[in-house]
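Chemist:
Chains as they are written, first to last, in my numbering: chain A, 318 to 501; chain B, 5 to 517.
1) Using the C-alpha atoms, what's the distance from residue 457 (chain A) back to residue 445 (chain A)?
2) Measure from the alpha carbon of residue 56 (chain B) to the alpha carbon of each residue in B:107, B:345 and B:168, then state which is nearest.
3) By DSSP's criteria, residue 448 (chain A) is part of a beta bridge. Which residues make up the other side?
4) Quickly, what does DSSP pair residue 292 (chain B) with across the bridge? List them, please.
5) Can you pull the DSSP bridge partners for residue 186 (chain B)?
6) Taking its Cβ as the centre, do 16 or more other Cβ atoms sit within 10 Å of residue 72 (chain B), making it buried, or is it exposed?
7) Rounded to whole angstroms, what's the CA-CA distance from residue 240 (chain B) to residue 111 (chain B)? Just pull it up for me.
8) For residue 354 (chain A), collect the residues of the same chain with a Cβ closer than 7 Å to its Cβ; drop the 5 residues on either side in sequence, then sort them by chain order.
9) Judging by CA-CA distance, which residue of B:471, B:197, B:451 and B:424 is the nearest neighbour of residue 284 (chain B)?
10) What's the C-alpha gap between residue 134 (chain B) and residue 100 (chain B)?
11) Buried or exposed for residue 3 (chain B), please, with buried defined as at least 16 other CB atoms from any protein chain shown within 10 angstroms of its CB.
12) With a threshold of 9 Å between beta carbons, is residue 342 (chain A) in contact with chain B?
13) Given a cut-off of 9 Å, decide if residue 74 (chain B) and residue 34 (chain B) are closer than it, judged by their beta-carbon atoms.
14) Roughly how many angstroms separate the alpha carbons of residue 508 (chain B) and residue 515 (chain B), rounded to a whole number?
15) Alpha helix (DSSP H) containing residue 374 (chain A): first to last residue?
16) For the region 405-422 of chain B, which residues have a beta carbon sitting closer than 9 Å to at least one beta carbon of chain A?
17) For a cutoff of 9 Å on Cβ pairs, would you count residue 384 (chain A) as touching chain B?
18) Count Cβ pairs between the region 284-295 of chain B and the region 309-323 of chain B that sit closer than 8 Å; are there 3 or more?
19) Answer with yes or no whether the minimum CB distance from residue 332 (chain A) to chain B is below 9 Å.
20) So which residues of chain B does residue 445 (chain A) contact, with C-beta pairs closer than 8 Å?
21) Alpha carbon to alpha carbon, how far is residue 334 (chain A) from residue 326 (chain A)? Give it in angstroms, no decimals.
22) Which ranges does the alpha helix (DSSP H) cover as unbroken runs of at least 4 residues, wholly within the region 323-405 of chain A, from first to last along the chain?
23) Assuming residue 84 (chain B) contacts residue 102 (chain B) (C-beta within less than 8 Å), just tell me the rounded distance between them.
24) Note down the Cα distance separating residue 319 (chain B) from residue 213 (chain B), rounded to an integer number of angstroms.
25) If you run the structure through DSSP and keep just helix, strand and coil, what is residue 403 (chain B)?
26) Closer than 7 Å, Cβ to any Cβ of chain A: which residues of the region 186-211 of chain B, in chain order?
27) By alpha-carbon positions, which one of A:362, A:378, A:336 and A:342 ends up nearest to residue 455 (chain B)?
28) What number of angstroms, rounded off, separates the C-alpha of residue 459 (chain A) from the C-alpha of residue 472 (chain A)?
29) Quick check on this structure: which residue in B:409, B:104, B:316 and B:153 has the alpha carbon closest to the alpha carbon of residue 487 (chain B)?
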């Protein structure tokens, strides 16, 4: 009887640890975002602290940093507490979803988002290399096509008209210098 | 020349048809460019500065001030229809305007915005002419401690932006920290990561477009249309839009108290140096929400929210112009660019200008009254056609908005660095949206951060240190402290209620188990 007591205690501790681990797992992405914000704020705070006129430079930043620090800790605690309650009461993931956002994303949206992100980064990088007119035309034409447009009016004529209008109004009329590269 | 004589002479100058033409062109240009995300009002004024070089003084100044008036309204169009404010001052307009669009009431929201903007502009113009000397004297008595407190009062709105106070606080404080990046008044360089482009601080327009605009495009990718509901046939849609537009237009006048309060807040805050239309609209929205019978509907598509924001940001023009015309102090970025317009005409804004050219100055001020009536017509006209944007499928709209946003971001300073900043903030915006943080809190922090920082530093430098007596011994500071404490009461009540609700829920759970 006496020998089984430590085992029972150990099992109880193990269960508590498991609940904690499962709770943290449920809110791991929330925690990552909060830690990223806190990480940036801490880096910034330490950087400003190392400046020569520390008192005046930290006048606003110090109280704001500590308020942020306390808020992040409170939010982390809040998220884990809610997740723990959900895990403990063995409810389904719906209850946890109030603490964490729904991560179920349709694959079609993911594909569109990916295309949009890639095309935008390529466009921004290509602006200086190809030039405004050619890169903007390619961006509009390719992106409308990738997002589902199958009409030549939408994927070719519209981009040509829009880019032409922007070029004439900004370069000719407003005298802006838009990026130019190997093309225009 | 007596003041009344100068006023009549000024009004007489406006009967010239080229002046009227310039007012119309200025308004149209302001409204249309204001509606383009990233094409801010200061940018619209600055690109037109060279055009005014060959004009007569009154034509040139009236043209530029009408761009200012048109831009203040125009920025609400994109905020309402696609949740991308054309300029920062329309951020809070989108809080209720965009939900109205999502409910199929976009035209109504635009109608509300047109009439609220016109009334705000009109009240601002009347203030400009009648109460200008008093207003300027009051604003001038604000020292750094008072301006700091105004910023803190503006920050208290963060508390009411989200159901989770902690999330709103984290987002807002994160924004304040980002807002303090750059070179300080003392010459210290903070958080620039070695980029000299950040010495002036994180550029607001790219950050705004990235955080709100681009992250919104990612949300739009999930839908085929801005409005997912059925698209009526062309004629039906047209009539529905027109009737909605007119019903919204009329609805504004059913809220005279909100209109007057928002316009007054707009004029006063517009007259404070460095505060501007954005702070005016945010404070007005907060106050409108506080006093409204429908405060629970704010943020869900409440026309009163649009009224509070639009009337204030348009009325702020009157306050900002009062400061500029009487003392030559720019209240914000737009009026700073306007000084360039005066300089091009060989005029220096300030008391001397009133003494030398009273008729010209009264002409400029009276033009604001006429511009308000013109805004009613041209605002409705542009809004009627702008509403059609919701009929464009997202596969066309998204690439076009992305292109305009990128080029708009680039055009502000002709810097590719700004575009990269915009993309960085787009990623931050997508992540924060995904995890349900209020983006508006980050933006508010970004705007108020530099104001709070510089005014606190000036307070410190002026008094040789910081102590509570700085704020307690000044009557205006004391008044603002009182307002600050009052504005914190609803938050405290909410937090206490939440605490007891959680506590009682916990007790019930324990009893059940």
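All C-beta atoms, glycine included, are put in the ideal place defined by N, C-alpha and C.
Modeler: In brief:
1) Numbered from 1 along the first chain, position 128 holds the residue referred to as residue 445 (chain A). Numbered from 1 along the first chain, position 140 holds the residue referred to as residue 457 (chain A). Taking the straight line joining both Cα atoms gives about 17 Å.
2) For the purposes of this step, residue 56 (chain B) is taken as residue 52 along the second chain, with counting starting at 1. Checking every option, the nearest Cα to that of residue 56 (chain B) belongs to B:345.
3) The sequence position of residue 448 (chain A) within the first chain is 131, counting from 1. According to the DSSP secondary-structure assignment, residue 448 (chain A) is paired through a beta bridge with A:497.
4) In the second chain, counting from the first residue as 1, residue 292 (chain B) sits at position 288. The partner list for residue 292 (chain B) (beta bridge, DSSP) is empty, contrary to what the question assumes.
5) Position 182 of the second chain holds residue 186 (chain B). Answer is B:194, bridged to residue 186 (chain B).
6) Reading the second chain from its first residue, position 68 is the one you call residue 72 (chain B). Classification of residue 72 (chain B): buried, given that the 10 Å Cβ count is 16 or more.
7) Numbered from 1 along the second chain, position 236 holds the residue referred to as residue 240 (chain B). Numbered from 1 along the second chain, position 107 holds the residue referred to as residue 111 (chain B). A caution first: residue 240 (chain B) carries a pLDDT of 43, below 50, which makes its placement in the model unreliable, though a value can still be read off. Distance between the alpha carbons of residue 240 (chain B) and residue 111 (chain B) is about 13 Å.
8) For this step, residue 354 (chain A) is matched to residue 37 along the first chain. Here the set comprises 389.
9) For this step, residue 284 (chain B) is matched to residue 280 along the second chain. Selected option, being the one with the closest Cα: B:451.
10) Residue numbering aside, residue 134 (chain B) sits at position 130 when the second chain is read from its first letter. Residue numbering aside, residue 100 (chain B) sits at position 96 when the second chain is read from its first letter. One C-alpha to the other measures close to 33 Å.
11) Because chain B here runs from 5 to 517, residue 3 (chain B) falls outside it and cannot be looked at.
12) The count along the first chain starts at 1 and reaches residue 342 (chain A) at position 25. Residue 342 (chain A) is outside the set of residues whose beta carbon lies under 9 Å from a beta carbon in chain B.
13) Counting from 1 along the second chain, the entry for residue 34 (chain B) is found at position 30. Counting from 1 along the second chain, the entry for residue 74 (chain B) is found at position 70. Cβ distance < 9 Å, so residue 34 (chain B) and residue 74 (chain B) count as in contact.
14) In the second chain, residue 508 (chain B) corresponds to position 504, counting from 1. In the second chain, residue 515 (chain B) corresponds to position 511, counting from 1. The alpha-carbon atoms of residue 508 (chain B) and residue 515 (chain B) are separated by roughly 11 Å.
15) Working through the first chain from its first residue, we reach residue 374 (chain A) at position 57. Taken as a continuous stretch (DSSP letters only), the alpha helix (DSSP H) holding residue 374 (chain A) covers 371-374.
16) Those residues of the region 405-422 of chain B that come within reach of chain A (Cβ to Cβ, closer than 9 Å) are 406, 407, 408, 410, 411, 414, 415, 418 and 420.
17) Along the first chain, one-based indexing puts residue 384 (chain A) at 67. Residue 384 (chain A) counts as touching chain B.
18) The region 284-295 of chain B makes contact with the region 309-323 of chain B; the number of CB pairs closer than 8 Å reaches 3 or more.
19) Locating residue 332 (chain A) in the first chain gives position 15, counting from the first residue. No, residue 332 (chain A) does not count as interfacial toward chain B.
20) Taking the first residue of the first chain as 1, we reach residue 445 (chain A) at position 128. Those within 8 Å of residue 445 (chain A) in chain B are 420.
21) As a first step, residue 326 (chain A) is located in the first chain; it is residue number 9 there, counting from the start. As a first step, residue 334 (chain A) is located in the first chain; it is residue number 17 there, counting from the start. Take the alpha-carbon of residue 326 (chain A) and the one of residue 334 (chain A): they are about 12 Å apart.
22) Runs found: 345-366, 371-374 and 378-405.
23) Looking up residue 84 (chain B) in the second chain gives position 80. Looking up residue 102 (chain B) in the second chain gives position 98. Indeed they touch by this definition, with Cβ atoms about 6 Å apart.
24) On the second chain, position 315 is the one that residue 319 (chain B) refers to. On the second chain, position 209 is the one that residue 213 (chain B) refers to. Whole-angstrom Cα-Cα distance: 24 Å.
25) Here residue 403 (chain B) is taken as the residue at index 399 of the second chain, counted from 1. If DSSP states are grouped into helix, strand and coil, residue 403 (chain B) belongs with the helices.
26) Flagged, chain order: 188, 190, 192, 194 and 195.
27) The residue labelled residue 455 (chain B) in the question sits at position 451 within the second chain. Closest option to residue 455 (chain B), Cα to Cα, is A:378.
28) Looking up residue 459 (chain A) in the first chain gives position 142. Looking up residue 472 (chain A) in the first chain gives position 155. Computed Cα separation, rounded: 7 Å.
29) In the second chain, residue 487 (chain B) corresponds to position 483, counting from 1. Here the closest residue by C-alpha is B:153.
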